[in-house]
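When you line the sequence shown up against full-length UniProt numbering, it's residues 1 to 224, in that order.
Here's the structure, in structure tokens; my notes come after.
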Amino acid sequence: MKRLILTFAILGFIATDEATAQVVMQRGGDMLTFSKRDDSPEVTAGSQYINDRFLSARVNEGTDLFRIRFNPYLGIMEYDKDGEIYHLTKDVNTVVEFVGSNSVTYKLYKYTDNDTEHTEYMKVVFEGEKIAFQTLEKVILKPGKTATNSYESSSQPEYKRDSDKRFMTINGKTQEFSTRTNRFIKMFDKSIQNNLKDYIKDNRIDLDKDADLVKLGRHLDGLL
Numbered sequence: 001m002k003r004l005i006l007t008f009a010i011l012g013f014i015a016t017d018e019a020t021a022q023v024v025m026q027r028g029g030d031m032l033t034f035s036k037r038d039d040s041p042e043v044t045a046g047s048q049y050i051n052d053r054f055l056s057a058r059v060n061e062g063t064d065l066f067r068i069r070f071n072p073y074l075g076i077m078e079y080d081k082d083g084e085i086y087h088l089t090k091d092v093n094t095v096v097e098f099v100g101s102n103s104v105t106y107k108l109y110k111y112t113d114n115d116t117e118h119t120e121y122m123k124v125v126f127e128g129e130k131i132a133f134q135t136l137e138k139v140i141l142k143p144g145k146t147a148t149n150s151y152e153s154s155s156q157p158e159y160k161r162d163s164d165k166r167f168m169t170i171n172g173k174t175q176e177f178s179t180r181t182n183r184f185i186k187m188f189d190k191s192i193q194n195n196l197k198d199y200i201k202d203n204r205i206d207l208d209k210d211a212d213l214v215k216l217g218r219h220l221d222g223l224l
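Written out as structure tokens, the structure reads:
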């Protein structure tokens, strides 16, 4: 059985600039490594989560189930152990598969935006032999506002869900794509653009819909 190594950092409540020494905990065949640190937000409205429930998930294609949830504000996977919340270290926990009736898999992808490399957990929409589609889910923090006169009202900072971003991976390269059909088609070689255009039109493919991306992915997998 594949050895499962999980690395965590506990979400603390006291602000500090220094992480404590790492702790290693053995549990059966699994080894958990975590360090205490603070990622606690200021008091705000809204939520850092799209779904704040901890759900059963496998990590790194292992067999054990852990109570995990995705934090799209911090871009991390959080783990609940006996009421303490830890977060997985990204570079060693690259695949998180939530099981159950609404199973979904998140994988770690690297991409470049404005010459800056990013590493993010993305929801896997379709994964074929030659192409894969992903969704990057984000929650952002809108700053609060202080009233400057009697006609204005103050507001506290608020977490808001940002618009999802679509990505695709071809030949090991992951990049964002526009859900506007014409822009999407131009990302491909000219030799298949007409075929792709006809398929999208004939099948009424909506690049904002997961089900349609699955259909399109299967078509492209045989076309590329």
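We put the CB at the ideal spot given by N, CA and C, even for glycine.
- Counting of Cβ neighbours within 10 angstroms places N203 among the exposed residues, the total staying below 16.
- It is roughly 14 Å from the alpha-carbon of K186 to the alpha-carbon of D198.
- Counting along the chain, N195 sits inside the alpha helix (DSSP H) bounded by residues K190 to D202.
- Beyond the five residues adjoining it in sequence on each side, I140 comes within less than 7 Å, by CB distance, of K160 and D162 in the same chain, given in chain order.
- For the pair G46 and N149, the Cα-to-Cα distance works out to about 26 Å.
- Rounded to whole angstroms, the separation of the alpha carbons of F70 and E61 is 17 Å.
- Fewer than three beta-carbon pairs drawn from the segment 80-89 and the segment 105-120 are found closer than 8 Å, and the two stretches are therefore not classed as touching.
- When secondary structure is reduced to three states using DSSP, R67 falls in the strand class.
- Across the structure, Q134 and E176 are spaced so that their CA atoms are roughly 9 Å apart.
- In terms of Cα proximity to F98, the closest of Y73, A57, K173 and E152 is A57.
- By the beta-carbon neighbour count (other beta carbons within 10 angstroms, threshold 16), A211 is exposed.
- When secondary structure is reduced to three states using DSSP, K186 falls in the coil class, being assigned neither helix nor strand.
- Rounded to the nearest angstrom, the Cβ distance from E158 to T44 is 6 Å, consistent with a contact under 8 Å.
- Residue I200 holds the alpha-carbon nearest to the alpha-carbon of N182 among I200, Y109, T174 and I170.
- With distances taken between CA atoms, T112 lies nearest to F167 out of F167, N194 and L55.
- Annotated three-state conformation of A147 is coil, per DSSP.
- Per DSSP, reduced to three states, the secondary structure at T174 is strand.
- Rounded to whole angstroms, T63 and L207 show a C-alpha spacing of 34 Å.
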